[in-house]
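Numbered per this note's numbering, the sequence shown spans residues 5 to 160. One structure is given below, encoded as structure tokens.
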Amino acid sequence: MMLRYFIYSCLIVVLSSCREQNLHFLQLNEISNSLWSTEDSLVFEFSIEDTLVSYDLFFELRTTTSYSWSNIFIFTDCVFPNEKLRRDTFEFKLADPYGNWYGNKTGTTVENSCKMYTKKVNFPLKGNYTFTIQQAMRERDLEGVMDVGLKIKKTL
Numbered sequence: 005m006m007l008r009y010f011i012y013s014c015l016i017v018v019l020s021s022c023r024e025q026n027l028h029f030l031q032l033n034e035i036s037n038s039l040w041s042t043e044d045s046l047v048f049e050f051s052i053e054d055t056l057v058s059y060d061l062f063f064e065l066r067t068t069t070s071y072s073w074s075n076i077f078i079f080t081d082c083v084f085p086n087e088k089l090r091r092d093t094f095e096f097k098l099a100d101p102y103g104n105w106y107g108n109k110t111g112t113t114v115e116n117s118c119k120m121y122t123k124k125v126n127f128p129l130k131g132n133y134t135f136t137i138q139q140a141m142r143e144r145d146l147e148g149v150m151d152v153g154l155k156i157k158k159t160l
């Protein structure tokens with residue numbers, strides 16, 4: 005009986021430690037046929053209850069190694085609970101000048117988690133926020149984009 009309790013306790017500790025610390029929100033949207041068009045706006049909705057907490061926002065990107073570019077540009081819109089809009093443009097480097105991927109590469113998949121703002125983000129209002137991401141590259145359709153996501157972590 006004691007051994008069973010010990011094993012269950014260890015299992016709970018291991019599984020609990022696998023969860024990312026301070027994760028507030030994570031959503032990945034699969035890109036149909038791995039072809040992300042400029043017309044495809046990806047929408048993420050999340051709620052903020054504590055306006056005193058600071059957050060880090062991350063652009064999550066999964067591509068294949070056949071993705072043709074060493075970077076990506078995106079447009080973002082954040083609609084606040086009071087309907088005000090904040091619009092930003094970001095560029096993220098995905099590979100070095102020699103073509104070596106910065107993200108975690110497994111087989112033909114490359115996973116990138118790109119911090120969006122250098123400073124901590126404070127959401128000033130309680131309520132529901134809508135975040136939209138759109139690719140802003142010169143190419144209308146980006147081949148090799150598997151998933152696009154938004155991750156929000158509470159800062160320590």
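Cβ coordinates follow ideal geometry from the N, Cα and C atoms, glycine included. Quantities reported herein were computed from a predicted structural model and do not represent experimental measurements.
Paired residues, beta bridge with Ile137 - DSSP
Here residue 137 corresponds to residue number 133 of the sequence shown, with the count starting at 1. Note: Ile137 sits in a beta bridge opposite Leu46 and Thr80.
Beta-bridge pairing of Lys119 - partner residues as DSSP gives them
Your numbering for residue 119 matches position 115 in the sequence shown. Per DSSP, Phe62.
With C-beta atoms as the reference, is Phe29 less than 9 Å away from Met120?
Residue mapping note: residue 29 aligns to position 25 of the sequence shown, counting from 1. Residue mapping note: residue 120 aligns to position 116 of the sequence shown, counting from 1. With a cutoff of 9 Å on beta-carbon distance, Phe29 and Met120 are scored as not near each other.
So if DSSP puts Ser41 in a beta bridge, which residue, or which two residues, is it bridged to?
What you label residue 41 is simply residue 37 of the sequence shown in a count that begins at 1. Paired residues: Asp145.
Note down the Cα distance separating Thr69 from Asn104, rounded to an integer number of angstroms.
Start at 1 with the first residue of the sequence shown, and residue 69 comes out as number 65. Start at 1 with the first residue of the sequence shown, and residue 104 comes out as number 100. The straight-line gap from Cα to Cα measures roughly 10 Å.
CB contact flag (Val57, Thr122, <9 Å)
Stepping through the sequence shown from its first residue, residue 57 is reached at position 53. Stepping through the sequence shown from its first residue, residue 122 is reached at position 118. Judged by their CB atoms, Val57 and Thr122 are not nearer to each other than the 9 Å cut-off.
Asp60 classed as buried or exposed, judged by whether at least 16 other C-beta atoms fall within 10 angstroms:
Your numbering for residue 60 matches position 56 in the sequence shown. Per the 10 Å Cβ criterion, buried.
Please go through the same chain and pick out, in chain order, the residues whose beta-carbon is closer than 8 Å to the beta-carbon of Leu39, but skip the five residues on each side of it.
Counting from 1 along the sequence shown, the entry for residue 39 is found at position 35. For Leu39, where only same-chain residues beyond five positions count, the Cβ hits under 8 Å are Asp145, Leu146, Glu147 and Val149.
Taking C-beta to C-beta, are Pro85 and Leu129 nearer than 9 Å?
In the sequence shown, counting from the first residue as 1, residue 85 sits at position 81. In the sequence shown, counting from the first residue as 1, residue 129 sits at position 125. Yes. Within cutoff.
Who are the Cβ neighbours of Lys97 in its own chain at under 8 Å, not counting the five residues just before and after it?
The residue given as residue 97 occupies position 93 in the sequence shown. When the five nearest sequence neighbours on each side are left out, the beta carbons in the same chain lying within less than 8 Å of the beta carbon of Lys97 are those of Ser74, Asn75 and Tyr106, in order along the chain.
Between the Cα of Leu65 and those of Ile35, Asn132, Ser51 and Lys124, spot the shortest distance and give me the residue it belongs to.
On the sequence shown, position 61 is the one that residue 65 refers to. Residue Ile35 is the option with its Cα nearest to Leu65.
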